[in-house]
Structures are given as structure tokens and as C-alpha cells.
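To keep things clear, I will list the structure first and then write my remarks on it.
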């Protein structure tokens, strides 16, 4: 990655408003990532999140509360026959848009840390799912292809 | 996302060998992610990692040690004039391959948590960098397009 313009050298600026840091303020530990994994896998109920992530009830409650407050999950009431009304948790649009992060972690983990038992494939064509870094014109990129640029308010970015 | 075959229902299996969980065993907290961000931004020296991530020397030392042990960073000796030999830290191939995770977090953070001051663009064409989820045939995917399938050893996966 090449730092350009006023971003070069790196010693001349601070990474304020870093969107990666902000994302980590919201999804801030292992259990938060794994609760989101479970939400993508279709888990909706409180007891199931804890059991499937392998965390205690109190940790699950805290993480779910955080993720609802941050806007990634939303609560919806449900009621099993003969039971009281409870809340289930579903991904919001914001939460569903976290897919590229988890897909990229899944790909990286499988590539570098050992085989997985499950994989994602495209329902329609059966092709394996990939997390790709591309530019708006569709070129696939490696770190060496990327410039870091200052996003000035008056830039011509559309 | 649709669970298929023996993966349906979710209550019937445990997420053992989960590559997302394994990735989080290695890159396991905020400072680890942000040290990797800095490595992509060209930071190599111990003092700079701590200052630019905003963590103490002892935390920086622990994280760098972990990331070297896990194989994402490697140490290389350097020597400034009149100084003793020191170690700098550079991304390995395994570390450089973490780019899709950070690019996806950057994109998500910018989209949902507020504007960033920097952005990544393709050096050659100037196009904005995107983190995309696609299948091997190139179709861009949303969660609803994806099946989760059991990766059996005798599958015909190439």
C-alpha cells in the first residue's frame, strides 16, 4: 500500500475517524463476531446464541444488547404455544452488510489455519464464495496495487 | 444464508473447526487488528506501532510478539547509523492476505459509522477499493444468495 499526498509520511498524521477502529468499537471482541456468525447461520433465540457460540448467558446477554444498541441486530417478539412472549434477534440491513467481514475472515482462516467443515457456496450456481478486494472498475487488487488517499470534502468522489 | 443437508437444522451440529473462530484466536482484539492496519500503512518500527495505534509499549510488545508467532508479521534486523541493531516488523504473505478482512471492515465502518478521512483506491485506475463477496463464477452475493454446505472430504471441490 502506498501513502499519497499529505498522508506521506505516515508520521505526519493521526488515524482519526478510522473506520476500522470504529467498526471494532461496535464489534469489539470474539463473542461479538461469533454471535454475528450465528445470526447469519439463522440463529435467532437467546438461549441458542449462548450455546452455539460457547459463552455464558450473561456474556450472551451483554453482547446481544450491544449489537442491538449498535444497530446490527433487532429484536422481534415471538411466542411459542403456551409460553410467554419472548424476543428473538435478527440481522438488520446494517448487520447483514457485515457479511464481507465474516466471509473474509472465513476465507483467511481456512487458507492459513486449517480446513473448515463447512463452506459457503452460491445457491444458484454452486460456486464457492470468495471475499475479494476489487476496485470500482472490477480489477482484483493486492496490497501493492492500492494507494491510500486523503478523502477531502471537495474531492470529485461520487 | 440457507443451511443445507446435514447442516439443517442448526441445532444438529457444533461449529467445530470454524475458520472465523480460528482467525479470532490469532487476531484476537482491537489492538491486533489496528497493528495490522499500521503494517499495511507501512509502519515497521516498534515505537511507531504503539504510538500510531495508541497503545502502551507493553501492549504493543505483546501484540507484535503474538502476530510474529502466528506468522502474520516477521522480524527483520535494521540498524540506524550509530545505533545498535534493532528489529523491524513486516507483513508476511499470510499477513498481507489479511487485507480483505481490513478492507471489509473499513468499508463497513465508513458506510455505517461515519465518514473516513482516508480511503483506498486502485493505483493504476484510481477506482475506489471495495470488499466484495462473489462466487467463483463472479456473481456478487448477498446473504440470501448463499448456501452453507458441509465440506465432506470426498466432495468434488477443486
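Residue numbers (my numbering), protein chains in the order written: chain A, 490 to 647; chain B, 490 to 647. Quick reminder that beta carbons are idealized off the backbone N, C-alpha and C, glycines included. Remember, predicted model here, so these are calculated numbers, not experimental data.
- Look at the segment 563-613 of chain A and you find these whole runs of beta strand (DSSP E), each 3 residues long or longer: 575-580, 607-611.
- Around residue 537 of chain A, the same chain offers 527 as residues with beta carbons nearer than 8 Å, after the five sequence neighbours per side are excluded.
- Residue 535 of chain B and residue 549 of chain B have their C-alpha atoms some 8 Å from each other.
- DSSP places residue 623 of chain B in the strand class (E or B) of the three-state scheme.
- Counting only Cβ-Cβ distances below 8 Å, residue 536 of chain A has no contacts in chain B at all, with the closest Cβ about 11 Å away.
- Between residue 563 of chain A and residue 579 of chain A, the C-beta spacing is below 8 Å.
- Between residue 584 of chain B and residue 525 of chain B, the CB-CB gap stays under 8 Å.
- In this structure, the beta-carbon distance from residue 609 of chain B to residue 618 of chain B falls below 8 Å.
- Within chain B, not a single residue places a beta-carbon under 8 Å from that of residue 576 of chain A; the smallest gap is close to 18 Å.
- For residue 600 of chain A, the chain B residues whose Cβ falls inside 9 Å of its Cβ are 508, 583, 586, in order along the chain.
- Under a criterion of Cβ atoms nearer than 9 Å, no residue of chain B is adjacent to residue 545 of chain A; the nearest Cβ is some 17 Å distant.
- Against chain B, the beta carbon of residue 572 of chain A has no neighbour under 7 Å; the closest one sits roughly 18 Å away.
- Residue pairing by DSSP leaves residue 525 of chain A without any beta bridge partner.
- Separation of the CB atoms of residue 511 of chain B and residue 603 of chain A is rounded to 7 Å, and the pair is thereby assigned contact status at 8 Å.
- Judged by their CB atoms, residue 639 of chain A and residue 496 of chain A are nearer to each other than the 8 Å cut-off.
- Annotation: residue 557 of chain A has no Cβ neighbours in chain B at a cutoff of 9 Å; minimum Cβ distance is about 15 Å.
- When rounded, the separation of the alpha-carbon atoms in residue 546 of chain B and residue 491 of chain B is 45 Å.
- Under the Cβ distance rule, residue 621 of chain B counts among the residues neighbouring chain A, one pair being separated by less than 8 Å.
- Interface criterion met: the Cβ of residue 616 of chain A is under 8 Å from a Cβ in chain B.
- In summary, residue 632 of chain A is buried, with 16 or more beta-carbon neighbours lying within 10 Å of its beta-carbon over all protein chains present.
- Where residue 638 of chain A is concerned, the enclosing beta strand (DSSP E) starts and stops at 635-639.
- Inclusion of residue 586 of chain B and residue 597 of chain A in the CB contact set at 8 Å is warranted, their separation being smaller than that value.
- Not one beta carbon of chain B lies nearer than 8 Å to the beta carbon of residue 549 of chain A.
- In chain A, no part has a C-beta under 8 Å from the C-beta of residue 565 of chain B; the shortest such distance is about 17 Å.
- Contact residues of the segment 522-533 of chain B toward chain A are 522, 523, 526, 529, 530, 531, 532 (C-beta to C-beta distance below 7 Å).
- At a cut-off of 8 Å between beta carbons, residue 541 of chain B contacts chain A.
- Residues of chain A with a Cβ closer than 7 Å to the Cβ of residue 495 of chain B do not exist; the shortest Cβ-Cβ separation is about 10 Å.
- With contacts defined as CB atoms closer than 8 Å, residue 595 of chain B and residue 509 of chain A qualify as a contacting pair.
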